[in-house]
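Okay, structure first, notes after.
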Amino acid sequence: MSDCPVYLEETQESMTARGRLSLVEAYIQGKICLTHRFKHILSKCLLCGACSDACVAGVSVHEIIQWARTEITRKQKIRPLKQLLLQKFLEQDTFISQLLRQGLRINRQLHHLSKMPCPPKTTFMDNTSSFIPESQGGLRVGYFVGCIANHFFPHIGQATIHILKDGGCTIYVPRGQGCCGLPFFNAGDLGKACSLAMRNMDAMLKQDVDYVIVSCAACSSYLKDYKKLFGSDPKAQAFSSKVRDISEFLANELSYARRLKDKPFPAEAQTLRVTYHDPCHLKKRQKIFEEPRNLIQAIQGIDFVEMNAPDRCCGHGGSFHLEHYKLSLGILKHKMDDIKETGAQVVVTGCMGCLLQLKEGVNSEGLNTKVLHIAQLIDQYKGEPS
Amino acid sequence: MEINKKSIKKLSSIVGKNFVKVDLEDRICYSYDATNLSYLPDAVVFPRTTQEIAEIIKLANKEKFYVIPRGAGTGMSGGSLPVKGGIVLAMSRFNRILKIDTENLIAVVEPGVVTGVFQKEVERLGLFYPPDPASLNFCTLGGNLAECAGGARAVKYGVTKDYVLGLEAVLGTGDILHTGVETMKGVVGYDLTKLLVGSEGTLGIITKITLRLLPLPEAKQTLLAIFDKLEDATHTVTNIIRSKIIPTTLEYMDKTAVFCVENYLNIGLPTDAEALLLIEVDGEKESVQTKGEKIRIMCLETGARDVEIAKNVEESERLWQARRSVSPAAFKLKPHKVSEDIVVPRTKLPQMIDKIKEIGERYGLTVLTFGHAGDGNIHVNFMIDQQNKDEVSRTHRAVEDLFRATLDLGGTLSGEHGIGITKAPYLSMEIGPIGIDIMKRIKQVFDPNNILNPGKIFVE
Ligand SMILES: Cc1cc2nc3c(=O)[nH]c(=O)nc-3n(C[C@H](O)[C@H](O)[C@H](O)COP(=O)(O)OP(=O)(O)OC[C@H]3O[C@@H](n4cnc5c(N)ncnc54)[C@H](O)[C@@H]3O)c2cc1C
Ligand code: SF4
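Right, dumping it as structure tokens:
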């Protein structure tokens with residue numbers, strides 16, 4: 002309860018894990034129906050998993066809330082407009098998706114979207130070839146780009162490619178991949194989620210890669226969950242077992258921290274004070290939190306400081322941010338206070354949702370702090386290929 | 016006494032429309048606590064100021080509806096349940112720490128502050144608020160006061176009432192009472208502060224609390240002693256107390272508890288052991304080590320198979336996790352539990368434990384015991400399935416036998432969970448007619464129209 006970021010803002014039992022579970026139970030028992038209030042309460046959950054993490058009884062609360070949302074979507078035939086637009090946008094490569102993308106570029110005044118970064122003219126996929134060979138014949142990896150890197154942050158995709166190359170990997174960026182499907186899964190649209198997952202698995206497995214590398218924590222945790230989505234399906238099992246988050250892959254498979262330690266500190270550079278925000282999808286879902294820290298601390302000239310409660314949710318929560326904008330910013334406020342307290346010049350994270358949210362926080366507070374994806378930081382400091 | 020539309024309107028004008036909830040969904044969320052019982056309130060109200068509460072209570076007196084204060088709803092005796100309907104007064108917006116005075120070692124807080132949050136805040140300043148109910152990550156200081164909550168550290172540091180210096184409360188009349196002091200001592204008039212502590216929301220709504228703080232001990236050490244014989248463990252407890260080393264905590268888990276926890280956490284607890292003692296000592300660095308060593312030797316002398324000393328914070332956290340998981344882990348045995356928190360004089364612990372075993376056998380019930388052995392406070396859990404009517408009736412009889420045995424040994428029915436509704440039928444076993452009569456008259460004075468938390472403590 003005191004772990005739930007939403008409860009801490011709203012201080013009502015209906016916003017706690019226990020409250021939500023009682024309502025789901027009441028619904029199953031037929032005591033309440035799909036009322037507006039019930040749906041509203043379920044929608045006001047970040048699915049951050051802080052409650053499940055804290056539960057000594059090991060109840061996976063966020064999965065139950067997730068299940069209830071699926072129920073709702075199944076029962077209600079008409080999809081809200083917002084969800085429909087999101088779906089069309091994320092489908093990519095379609096005419097409507099292009100249209101929406103352009104719309105986003107032009108109509109910067111639209112609602113609070115104006116605070117989001119403006120998508121560049123072309124996407125990451127437009128500018129990247131699907132195969133980047135490496136003569137040394139290292140590991141064969143497939144890069145899963147994800148929507149936000151593709152549409153908003155192509156430079157993060159580039160940074161990831163640079164590091165993988167530096168690590169001696171042969172890189173595939175298979176066409177045919179698209180949205181990981183998480184927004185649909187979270188909204189309870191299982192059908193759409195499954196068809197997107199199929200598409201991604203086909204695209205990656207066709208290339209016979211050793212690993213599927215993902216630079217967004219939300220995507221990586223969800224790709225690892227494909228095996229749950231498809232039950233015991235061997236293809237999904239095989240796929241999920243190849244998935245690695247970029248920080249995990251660098252730290253473990255490539256032992257990249259050691260490489261970073263050996264890179265000389267450029268004489269003209271100044272030490273940089275850096276702090277790190279744990280994405281919920283990395284720490285709580287994948288238990289990855291030491292790896293990114295080891296990598297950051299291995300970089301010469303970085304003065305690493307922990308912020309208070311680094312794993313406290315930033316409040317983005319995907320579509321939660323759109324649906325409950327004010328609440329989302331209320332949750333972000335605490336994160337910003339903790340970041341400011343460290344006096345860090347750079348805050349690093351590993352999830353595109355967090356990145357968007359932290360950037361918005363920095364912008365609206367007019368701070369000088371830079372928000373970087375871990376791949377960007379490493380790429381900037383890794384120096385020339387050794 | 017169902018609440019009328021007019022009253023709901025008035026409540027909205029007092030606290031604001033957003034802070035009065037009448038939807039079924041919200042009422043369901045305020046219908047339960049940790050007892051697994053549930054009663055729907057007519058509405059939930061979220062006040063922000065003492066003045067608002069005073070107005071609400073006055074309205075309640077006029078319009079005749081009940082008011083049930085609620086902290087976090089972690090109570091184990093049904094204290095916050097609206098058994099007769101009425102409004103639940105959710106204190107969650109009273110969540111500010113108003114002052115931490117590092118010179119005078121006191122703090123002033125609002126009652127909705129979560130105990131664990133408060134502890135972390137004072138510890139950051141090198142201070143210490145000892146009462147640590149196992150629910151500290153959720154429960155509120157207001158709820159702690161109303162139940163006089165204890166915790167594992169009570170062996171050395173006492174319970175909530177030992178740290179309350181003064182408070183502000185809105186009485187059942189709507190009057191605002193200020194009691195107590197902001198000093199270390201004070202004997203001006205009757206001690207109304209202590210009277211409100213443990214009053215379970217039946218005398219007044221606590222709106223502000225002045226607490227005493229201690230300096231944070233420099234170091235601590237955690238030990239886990241494993242016993243092959245139950246009586247060896249209980250004798251070790253009495254030995255340690257007799258030796259005049261007062262540990263910070265002296266917790267006990269029986270075989271069933273160990274089995275449940277291990278099944279559930281897989282952290283390598285010895286499931287073949289008959290009992291475990293979890294012991295912590297604190298103080299200055301050197302003294303902690305000597306005390307720890309003395310206790311280790313004492314455990315081994317009285318029959319411990321092995322004594323494990325936590326080498327670092329993580330290890331100690333693992334041991335504590337085991338202890339804190341007993342309650343939830345227990346549900347793997349049976350879907351429901353009836354838990355009692357009796358206390359006996361510490362020397363009577365071995366006898367009491369034997370008695371509990373015997374009662375369980377007599378009624379054919381699965382019993383799981385654990386708790387604060389160091390102060391004689393044992394949590395006795397009868398694990399049952401409430402669908403099984405026969406089992407339920409056997410449990411009733413077992414509880415009565417348990418209470419009888421407790422009182423025979425000079426003990427008391429509840430150490431820290433309070434009477435609420437679950438123990439109300441047994442109150443007269445411990446408190447004589449004169450005691451009950453005086454209590455009821457006190458209730459009359461504080462709350463003449465019986466507005467506050469009806470149906471609690473006394474059977475009506
Ligand atoms: C897993 C678990 C472990 C626990 N471990 C312990 C333990 O080790 N030691 C222990 O002592 N208890 C323990 N408890 C019991 C419980 O946590 C305590 O009784 C706690 O003090 C209740 O606090 P709360 O905020 O949840 O109060 P609630 O349950 O909401 O209310 C408890 C009582 O306080 C009254 N009340 C609440 N706020 C106010 C106020 N502001 N003014 C007046 N009355 C008020 C209510 O009316 C009610 O009668 C445990 C409970 C759980 C679920
Ligand atoms: S998943 Fe996060 S937001 Fe949702 S109930 Fe749990 S802690 Fe709260």
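First to last, the protein sequences are chains P and S.
Each number in the working numbering corresponds to the 1-based position in the first sequence with 1 added.
Each number in the working numbering corresponds to the 1-based position in the second sequence with 15 added.
Note that CB positions come from ideal geometry on N, CA and C, so glycine has one too.
Asked                                                                                                                      : Found
Presumed contact (8 angstroms Cβ cut-off) between leucine 48(P) and glutamine 67(P), rounded CB distance                   : 6 angstroms
is_contact[serine 340(S), chain P] using C-beta, thresh 8 angstroms                                                        : yes
Below-8 angstroms beta-carbon distance, glutamine 13(P) vs any chain S residue                                             : yes
Interface flag, glutamate 40(S) vs chain P, CB-CB below 8 angstroms                                                        : yes
Partners in chain S for valine 57(P), counting only beta-carbon separations shorter than 7 angstroms                       : Arg339, Ser340 and Pro343
Partner residues on chain S for arginine 38(P), Cβ-Cβ distance less than 7 angstroms                                       : Asp38 and Glu40
Backbone secondary structure at aspartate 338(P) - three-state DSSP                                                        : helix
Complete beta strand (DSSP E) runs within the region 228-311 of chain P (minimum length 3 residues, chain order)           : 244-246, 273-277 and 303-305
Distance between leucine 26(S) and glutamine 238(P) (C-alpha atoms, nearest Å)                                             : 56 angstroms
Cβ pair glycine 307(S), valine 170(S) closer than 8 angstroms                                                              : no
Three-state secondary structure assigned by DSSP to glycine 234(S)                                                         : Checking the sequence shown, residue 234(S) turns out to be alanine, not glycine. DSSP places alanine 234(S) in strand when its eight states are reduced to three.
Three-way DSSP call (helix, strand, coil) for valine 7(P) in this model                                                    : helix
Cβ pair count under 8 angstroms reaching 3, the region 322-331 of chain S against the region 233-246 of chain S            : yes
Proline 62(S) (DSSP reduced to helix, strand or coil)                                                                      : coil
Min CB distance glycine 367(P) to chain S below 8 angstroms                                                                : no
Stretch pair the region 243-256 of chain S + the region 359-368 of chain S: three plus CB contacts closer than 8 angstroms : yes
Neighbour list for arginine 108(S) in chain P, Cβ cutoff strictly below 8 angstroms                                        : Thr12
Valine 215(P) beta carbon less than 8 angstroms from that of valine 244(P)                                                 : yes
Length of the line joining the Cα atoms of glutamate 445(S) and leucine 428(S)                                             : 7 angstroms
Inter-residue Cα distance where the pair is serine 150(S) and glycine 179(P)                                               : 45 angstroms
Span of the beta strand (DSSP E) around alanine 184(S)                                                                     : 179-186
Glycine 139(P) at chain S interface by Cβ criterion, 8 angstroms                                                           : no
Members of the region 150-176 of chain P that neighbour chain B once the beta carbon cut-off is set at 7 angstroms         : Going by chain labels, chain B is absent from the structure shown, which instead holds the protein chains P and S.
Rounded C-alpha distance that separates leucine 283(P) from arginine 75(P)                                                 : 29 angstroms
Backbone secondary structure at leucine 396(P) - three-state DSSP                                                          : Given a span of 2 to 387 for chain P in the structure shown, any question on residue 396(P) remains unanswerable.
Beta bridge counterpart(s) of isoleucine 133(P) as assigned by DSSP                                                        : Ile172(P)
Cross-chain neighbours of glycine 20(P) in chain S, by beta carbon under 7 angstroms                                       : Cys44
Opposing strand residues paired with threonine 350(P) [DSSP bridges]                                                       : His374(P)
Inter-residue spacing [alpha-carbon to alpha-carbon] between tyrosine 257(P) and leucine 296(P)                            : 7 angstroms
Beta carbon proximity, leucine 24(P) to chain S, threshold 8 angstroms                                                     : yes
Proximal chain S residues relative to isoleucine 33(P), where beta-carbon distance stays under 8 angstroms                 : Leu39, Glu40 and Ile43
Burial state of methionine 199(S), where buried means 16 or more other Cβ atoms lie within 10 Å                            : exposed
Between the CA atoms of isoleucine 72(S) and histidine 193(S) - distance to the nearest angstrom                           : 17 angstroms
Backbone secondary structure at isoleucine 33(P) - three-state DSSP                                                        : coil
Simplified DSSP state of proline 121(P), which is helix, strand or coil                                                    : coil
For histidine 387(S) and leucine 111(P), the rounded distance between their alpha carbons                                  : Its pLDDT being 48, under 50, leucine 111(P) is placed unreliably by the model, and the measurement read from it follows with that caveat. Each residue's Cα considered, the two are about 60 angstroms apart.
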